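Student: Residue numbers (my numbering), protein chains in the order written: chain A, 329 to 576; chain B, 329 to 576.
1) Among the candidates B:395, B:388 and B:376, whose CA atom is the shortest distance from the CA of residue 525 (chain A)?
2) Between which two residues does the alpha helix (DSSP H) harbouring residue 405 (chain B) extend?
3) Can you name, in chain order, every residue of its own chain whose Cβ lies under 7 Å from the Cβ of residue 391 (chain A), other than the five neighbours on each side?
4) Residue range of the beta strand (DSSP E) that residue 490 (chain A) falls in?
5) Give a yes or no on whether the minimum CB-CB distance between residue 357 (chain B) and chain A is below 7 Å.
6) Within its chain, find whatever has a CB closer than 7 Å to the CB of residue 543 (chain B); leave out the 5 residues flanking it on each side and keep chain order.
7) If you draw a straight line from the C-alpha of residue 511 (chain A) to the C-alpha of residue 417 (chain A), how long is it?
8) Is residue 535 (chain A) helix, strand or coil when you go by DSSP?
9) List, in chain order, every chain A residue whose beta-carbon is nearer than 8 Å to that of residue 549 (chain B).
10) Less than 7 Å between the beta carbons of residue 362 (chain A) and residue 562 (chain A), yes or no?
11) Give a yes or no on whether the minimum CB-CB distance between residue 562 (chain B) and chain A is below 7 Å.
12) Between the region 450 to 474 of chain A and chain B, which residues of the former have a C-beta closer than 8 Å to a C-beta of the latter?
13) Interface residues of chain A around residue 366 (chain B) at Cβ under 9 Å?
14) With 7 Å as the threshold, decide whether the Cβ of residue 499 (chain B) is near any Cβ in chain A.
15) Just mark residue 477 (chain B) as buried or exposed, buried being the case when its beta carbon has 16 or more other beta carbons within 10 Å.
16) Answer yes or no: do residue 429 (chain B) and residue 454 (chain B) have a C-beta to C-beta separation smaller than 7 Å?
17) So for residue 425 (chain B), helix, strand or coil by DSSP?
18) Report yes or no: do the region 456 to 476 of chain A and the region 495 to 506 of chain A share at least 3 C-beta pairs separated by less than 8 Å?
19) Applying the criterion that 16 or more other CB atoms from any shown protein chain within 10 Å of the CB defines a buried residue, is residue 397 (chain B) buried or exposed?
20) Residue 453 (chain A) bridges to which residues according to DSSP?
Structure (structure tokens):
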């Protein structure tokens, strides 16, 4: 199973007889944005009926696009105020806590600046790799993710909180919300895995805080990034409408 | 659908009455590595029967762990020589091409150095963000991913090629293998999406080159990173065995 055995004959033919698939693209070029538009159209066509608002669908579709899998659709949960809260926070240039360097690296500053031109590299805060965090984790026998959240408390108050890695960071944020009255503008809750993950999301969803969450075990940094990017698209659209006077 | 309506009563009780879940972890601390070990044990317990070798299972299990989903198991494909080729390349400190900055950011240098102490920041090559790449993409109407692969041709000859984003980079690598006799040590093929993705992986798997691929639409940067990290674990184990004289 899982092994492909090549006969001696098969070993040679691809190099000799066949035209590489990419020649088709050389002949009929498609740009990255064109491929993305085609992908979104495929998702629109394949998605089952749903009750998402158009703005929520912008987020859901980009998440599906990011993992290549429509099955995540039913696990995506919004608090009623999540989209508005996210757009407002991005347009105000609120700082963004990320639980992994992959998320920090994946979030496009160019996209953030379409929502708010004041966004810069220091707007993204990811303490997980700091030596002091490692020291505290070592001393306590608890994961680094927990101390990264504590370190970023002042950012999390009014900022965006983005989780795509370990659940313990989200659990610690839940505690800050419940006990220390920390109120992020929006929590994007996509930690992934088999231990404490479902609980971390269920606890968050029981709190009175704007959230976009992927219920269950699945999650990951690209999903979390895709939510931020979809919210940037929505924020840009709202700015455009403001300029046209379509909104007061 | 997807909306959770909180009653006025529910809005208050979490902050007042309930103990945060994380208090359980404060009382019985679990470190990151301990949580990972528990996760791996859960995956071992839930996985259906399979015919992977123990070394392949090290890779498969880490991939499952990375996306929180056992369903990817059946889509993971190894060429017969993939594990040995990957371990050998890492132990030799071969350079690593990555198709996204998220992968470059996600691969742990500390882990790479357990396989080969000579690994350093310049061992990871990711041209996708370079201005010249953007210029070529703009001029041609083709995606940047294609030109990033061309730019890295000398790295790809004998290096590890890691794809977790767009399929067009992998398609261009397939062409280099078929037409220009470029021979990576190992191709990790996890591009994701709805256009050209399945074709890019099927074409690769028809070639005479070591690969680890996730067939179908699914994929992503964390999956690609997880394969590298699993191979580092295997390489470290092999080094350890070499030291003990268990292998000639």
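We treat Cβ as the ideally placed atom computed from N, Cα and C, and that holds for glycine.
Quick caveat: nothing in here was measured; it's all calculated off a predicted structure.
Tutor: Looking at the coordinates:
1) B:395
2) Residue 405 (chain B) -> not in any alpha helix (DSSP H); beta strand (DSSP E) instead, spanning 404 to 406.
3) 400, 404, 551, 554 and 555
4) 488 to 491
5) yes
6) 403, 405 and 529
7) 12 Å
8) coil
9) 430, 434, 549 and 550
10) no
11) no
12) 465, 468, 469, 470, 471, 472, 473 and 474
13) 522 and 523
14) yes
15) buried
16) yes
17) strand
18) yes
19) buried
20) A:425
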